[in-house]
Every structure is written in C-alpha cells, then in structure tokens.
Amino acid sequence: MIKKSIKDNLIFILPFVFIWLVFFCLLLYYGKINCHLLLNTFHTTFGDYFFKNITEVGGSIPFIILGLLFLYNYRIALFLGLSQGLSSLITHIIKRIMQMPRPSVVFQELGINIPIVDGVDLHHTLSFPSGHTTTAFATFFVLAIIVKNKYLKILCLTIALLGGYSRIYLSQHFITDVLAGSLIGMLSVIIISPIFYEKKWGNSNIIETIKRLSYGKKAIKNKK
Numbered sequence: 066m067i068k069k070s071i072k073d074n075l076i077f078i079l080p081f082v083f084i085w086l087v088f089f090c091l092l093l094y095y096g097k098i099n100c101h102l103l104l105n106t107f108h109t110t111f112g113d114y115f116f117k118n119i120t121e122v123g124g125s126i127p128f129i130i131l132g133l134l135f136l137y138n139y140r141i142a143l144f145l146g147l148s149q150g151l152s153s154l155i156t157h158i159i160k161r162i163m164q165m166p167r168p169s170v171v172f173q174e175l176g177i178n179i180p181i182v183d184g185v186d187l188h189h190t191l192s193f194p195s196g197h198t199t200t201a202f203a204t205f206f207v208l209a210i211i212v213k214n215k216y217l218k219i220l221c222l223t224i225a226l227l228g229g230y231s232r233i234y235l236s237q238h239f240i241t242d243v244l245a246g247s248l249i250g251m252l253s254v255i256i257i258s259p260i261f262y263e264k265k266w267g268n269s270n271i272i273e274t275i276k277r278l279s280y281g282k283k284a285i286k287n288k289k
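Under the working numbering, residues 66 to 289 are what the sequence shown spells out, in order.
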C-alpha cells in the first residue's frame with residue numbers, strides 16, 4: 066500500500082525530491098551560513114507581507130484544516146492528525162537533542178546584519194529541524210494524496226514549498242532546518258498512509274454523527 070500511495074502521488078513527490086536535492090547541493094557547496102545569506106538577501110515590502118502570512122501554512126492553518134476535515138470525513142481527518150502528530154513528535158525530539166541556535170543568534174555572534182521583517186518575533190533556540198516546515202509538508206502532502214486532480218496536487222506542493230522558504234526568508238531557520246523538516250513531514254505521511262489510503266472505514270463525519278444521535282433520541286421518545 067505504501068508503494069501505491071507513492072506511485073499515485075509522484076506528481077507531488079518527484080518535484081519535491083528534485084527541489085530538495087538542488088537545495089541540498091547548494092548547502093554542500095556554499096555551507097549553511099552563506100546559503101542563508103544567499104536565500105535571504107532580497108527583501109521587498111510585498112515579500113515581507115507575503116511570507117509573514119504564508120508561514121502560517123505551517124502554524125495555525127494546518128490545525129484549522131484538521132478541524133474542518135472532521136466535518137467532512139473521520140478517516141481523512143485521522144490520517145492528517147496522525148501524520149501531523151508523528152512528524153511533530155519526531156521533530157520535537159530532535160530539537161531537544163540538538164538544541165541548535167537560530168539564525169538570529171548565529172549572525173549576531175558573527176557580527177552580520179540580516180534583514181528583519183517587522184512584526185516577526187525572532188526565536189533564539191531549537192532551530193533544527195523546522196517545526197513549521199514539518200507540519201506544512203505533512204499537512205499538504207496528505208491533502209495532495211486526498212485530492213485526485215493533478216493541478217491541486219501541484220498547488221499543495223507549491224504551498225508547502227512556500228511555507229518552508231518563508232522560514233528562511235523570515236530568518237527563523239537555516240536551510241538545514243527546512244530540508245530536514247520537509248523530509249520528516251513527507252516520510253511521516255508515507256509511514257502512516259497504509260492505515261488510511263483508499264480504505265473504506267470511517268467515511269462519516271461529525272455532522273452525520275450528530276444527525277444519527279438526534280434521530281436516535283427522537284426514536285426513543287416516540288417509543289415512549
């Protein structure tokens with residue numbers, strides 16, 4: 066079932082792997098510090114506004130999506146919830162073990178000024194891996210698996226990529242953190258997918274459950 070879920074979603078996975086390898090090669094060539102400076106050099110007013118908001122695809126938005134999915138389908142909601150949970154658990158364990166400083170701390174120690182976006186509270190520790198990127202990729206990979214339209218799958222990948230890049234643009238994370246976070250998010254979904262992919266159970270939702278409960282209460286009253 067893992068093979069099938071991968072095969073059916075190559076339009077998401079293959080571009081991801083290609084882009085991941087490109088940035089990994091950049092990392093190997095330039096190093097973490099220079100790579101951050103390269104990717105973080107060009108700031109605009111629109112870019113500041115856009116990336117400050119798009120970063121929420123790895124913050125609050127995934128949990129709003131999770132809540133909405135419970136209104137649509139229990140199985141899909143559980144698929145997303147467990148994928149988010151597993152990826153977040155792995156990420157937080159690694160964060161606590163590594164205890165890596167954030168870009169703001171590293172560049173301050175190096176005496177290098179980096180662009181700062183107004184209204185963004187820069188964190189100082191637990192940099193590796195990026196939790197926002199992990200959640201973004203776990204969430205939008207699940208959504209890409211759910212939807213059948215290839216253009217929607219590409220849109221899901223685009224949103225996840227923008228969410229990951231936003232962490233570098235906002236200087237909340239290095240490229241190493243984002244690469245690791247994206248990989249954790251993707252692999253977590255692949256690990257969880259056999260339980261849920263193309264299964265028939267759980268095809269109900271909260272609204273239907275409430276309706277059944279209300280009908281059950283009415284039936285009991287009528288019997289009385």
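No residue lacks a Cβ here, since even glycine has one placed at the ideal position from N, Cα and C.
Quick check: what's the CA-CA separation for Phe239 versus Gly246?
11 Å
CA-CA distance, Gly150 and Leu79?
24 Å
Would His197 pass as a contact of Ser231 if the rule is Cβ separation under 9 Å?
yes
Taking the alpha carbon of Ser169 as the reference point, which residue from Tyr262, Lys68 and Leu102 has its own alpha carbon closest?
Leu102
By Cβ distance below 6 Å, which residues in the same chain neighbour Phe205 in space, the five residues on each side in sequence not counted?
Cys221, Ile224 and Ala225
Excluding the 5 residues flanking Lys160 on each side, which residues of the same chain have their C-beta closer than 6 Å to its C-beta?
Leu191
Between which two residues does the alpha helix (DSSP H) holding Val243 run?
Ile240 to Phe261
Cβ shell of Leu227 (< 6 Å), same chain only, five flanking positions each side left out:
Ile119
Collapsed DSSP secondary structure at Leu79 in the structure displayed
helix
With a cut-off of 8 Å on the beta carbons, I'd call Val207 and Leu145 a contact; round off their distance for me.
5 Å
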